[in-house]
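**Q** Starting off with a structure, shown below.
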Amino acid sequence: MNRAHLFAVPLCLFAFCAVVAGCNCGGVSPADDGGVSTGEDGGQDGGLVADGGVGDGGDDGGVGVPGDGGTPVQTDAGTCYTAACAGKIYACGNCLDDDHDGLIDSADPDCLGPCHNREDSFDLGIPGGGHGNCGSIECYYDPNSGSGNDNCIYDLTCDPLEPVPACPFSGKRVGETAACPATQPQACLDVCRAITPNGCDCFGCCTVMLADGGTRDIFLGSEEATGTKCTLENAGDPSACRACTPNPSCFKECGTCQLCLGKDTVPPECVDGGAGGDGGSQQCPGGQQPCGLPGQADCPPGWYCLTGCCIGGIN
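Going by the working numbering, the sequence shown opens with residue 47, and the numbers climb by one from there.
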């Protein structure tokens with residue numbers, strides 16, 4: 047796993063130098079060529095724009111980056127690369143130990159991907175990201191609260207465990223196409239499930255492995271309701287991480303040979319085939335490059351190691 051001491055990477059244009067800092071040590075690339083695409087708003091919400099100019103700040107904490115496949119950053123462990131989310135760099139993809147726990151980005155167990163702007167909580171820390179309002183739930187792991195890019199749809203009032211007290215259970219909405227459909231559209235599975243951690247559903251409900259070997263289903267966005275950070279360390283505490291019911295139509299299983307939240311090892315028989323053999327295919331059945339276990343290669347520049355598999359293409 048990569049560890050970071052940030053160094054400056056100059057982008058000089060017309061005698062102007064801007065510094066882009068960060069890494070995920072195995073990131074995510076939304077660009078077809080493995081690079082990072084800023085899109086039309088690359089500099090509007092903070093940081094550098096695609097042509098090397100400086101953006102106007104912004105309120106989501108993200109930094110726009112040029113399309114270069116991840117910015118290289120020198121760390122104690124070597125070189126790592128920034129991981130972009132929709133053309134911006136957030137805390138879990140910047141190669142910094144933002145919460146000062148000695149763990150960086152994908153190596154930090156509280157990081158949920160490059161669209162996560164906090165290393166100290168499962169709360170995304172991005173305005174518009176995460177769970178949104180009761181009836182506007184969509185993909186938890188992308189940087190927006192609209193379903194236009196993935197067609198995921200869910201209403202928290204359909205969960206009898208009421209993960210958000212302000213969204214009381216209403217059984218009458220269960221099964222409604224516009225609120226809590228029995229199955230999610232294929233676009234939701236294709237777009238959101240691909241960036242969902244193992245052991246989680248598309249809407250932020252995850253089966254987490256606890257320190258005592260047990261498991262618990264927790265709502266990652268609990269902090270807004272509890273006022274307490276919901277992290278892997280306190281996942282067993284209902285006052286920090288509220289219970290939830292995983293949505294079966296877009297739940298991503300965590301198999302015996304797979305990593306998930308709280309599970310960072312696999313049985314010996316799972317790795318006998320090596321990262322490129324049967325062991326790798328068991329760890330990442332979808333064909334992604336396996337990562338995160340001893341002896342396995344880092345993800346390519348611009349990709350992100352999420353629960354043991356390299357992911358890319360978050361827009």
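The C-beta atom is built at its ideal place from N, Cα and C for all residues, glycine as well.
1) When the Cα atoms are used, what is the spatial distance from R239 to L158?
2) Residues in the same chain with beta-carbon distance under 6 Å from T253, minus the five sequence neighbours each way, listed in chain order, please.
3) Look at Q232 and C248 and say whether their C-beta atoms are less than 8 Å apart.
4) Could you please give the first and the last residue of the uninterrupted alpha helix (DSSP H) stretch that includes C234?
5) Nearest chain D C-beta to L352 closer than 8 Å, yes or no?
6) State whether the stretch 199-215 contacts the stretch 330-341, with contact taken as three or more CB pairs (one from each stretch) at a distance under 8 Å.
7) In terms of DSSP beta bridges, what is R262 paired with?
8) Taking the alpha helix (DSSP H) that C316 falls in, what are its first and last residues?
9) Kindly confirm or deny that the stretch 156-172 and the stretch 275-290 touch, where touching means at least three C-beta pairs closer than 8 Å.
10) Do the CB positions of L352 and S152 come within less than 8 Å of each other?
11) Output yes or no for whether 8 Å exceeds the beta carbon distance between A130 and H162.
12) Kindly indicate the opening and closing residues of the beta strand (DSSP E) around Y200.
13) What is the rounded straight-line gap between the Cα of C251 and the Cα of I172?
14) Is C296 helix, strand or coil by DSSP?
15) Just mark T7 as buried or exposed, buried being the case when its beta carbon has 16 or more other beta carbons within 10 Å.
16) What does a CB cutoff of less than 6 Å around C287 pick up in its chain, not counting 5 residues either side in sequence?
17) When we look at the beta-carbon of T128 and count the other beta-carbons within 10 Å, is it buried (16 or more) or exposed?
18) Could you tell me the boundaries of the alpha helix (DSSP H) in which E279 lies?
19) Which residues does DSSP list as the beta-bridge partners of A289?
20) Taking only the alpha-carbon atoms, compute the straight-line gap between D201 and P346 and give it to the nearest angstrom.
21) Drop a sphere of 10 angstroms on the beta-carbon of G93, count the other beta-carbons inside from all chains shown, and report buried for 16 or more, exposed for fewer.
22) In terms of residues, what are the limits of the alpha helix (DSSP H) holding A271?
23) What span of residues does the beta strand (DSSP E) with I357 cover, start to end?
24) Could you check what DSSP says for A130 in three-state terms: helix, strand or coil?
25) Would you report the Cα separation of G110 and N140, rounded to the nearest angstrom?
26) In this structure, does DSSP put C161 in helix, strand or coil?
**A** By the coordinates alone:
1) 13 Å
2) Same-chain partners within the cutoff: G245, T261 and D263.
3) Taking 8 Å as the Cβ cut-off, Q232 and C248 do not qualify as a contacting pair.
4) Q232 to V237
5) Note that chain D does not occur in the displayed structure, where there is just one protein chain.
6) no
7) V254
8) P314 to V317
9) Between the stretch 156-172 and the stretch 275-290 there are three or more inter-stretch CB-CB distances shorter than 8 Å, so the stretches are counted as touching.
10) yes
11) It is not a contact, given that the beta carbons lie outside the stated cut-off.
12) It is not in any beta strand (DSSP E) - Y200 carries neither H nor E in the DSSP assignment.
13) Straight-line measurement puts the Cα of I172 at about 18 Å from the Cα of C251.
14) helix
15) Nothing about residue 7 can be reported from this structure: the residues present for the chain run from 47 to 361 only.
16) I264, S268, C276 and A281
17) So T128 ends up on the buried side.
18) Note, E279: premise wrong, no alpha helix (DSSP H); not H, not E.
19) I264
20) D201 and P346: Cα-Cα distance of roughly 37 Å.
21) A caution first: G93 carries a pLDDT of 28, below 50, which makes its placement in the model unreliable, though a value can still be read off. It counts as buried.
22) E269 to T272
23) From DSSP, the beta strand (DSSP E) with I357 extends over C355 to I357.
24) Three-state DSSP puts A130 in a strand.
25) For G110, the predicted structure reports a pLDDT of 44, less than 50, and the residue's modelled location is therefore unreliable. The matter cannot be settled from this model.
26) coil
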